[in-house]
Amino acid sequence: MTTQTAERTEPTPARPIFSTADFKLLRTAVLAYIHQVEDSPESQAYSHLYHRLGRLR
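For the sequence shown, the residue numbers in my numbering are 2 to 58.
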């Protein structure tokens, strides 16, 4: 009789969707959009997004 061992494999870590360079581009694009909509009510939400993107490095 042979004993078969079940291989336990660790799940592969998830790869990031965006690179660091992508975040810099997104932050630049959001800043440009903030300047276009600065008088609208949604500008505050984009401002918050801009600052959150700055924390990711």
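Think of the CB as a built atom: it goes at the ideal place given N, C-alpha and C, for glycine as much as any other residue.
- Less than 8 Å separates the beta-carbon of tyrosine 51 from that of valine 31.
- Boundaries of the alpha helix (DSSP H) around phenylalanine 24: 21-37.
- Each residue's CA atom was taken as its position, placing tyrosine 34 and proline 12 some 39 Å apart.
- Separation of phenylalanine 24 and arginine 9 (C-alpha to C-alpha, rounded to the nearest whole angstrom) is 36 Å.
- Excluding sequence positions up to five before and after leucine 27, its CB lies within less than 7 Å of the CB of Leu54, all in the same chain and listed in chain order.
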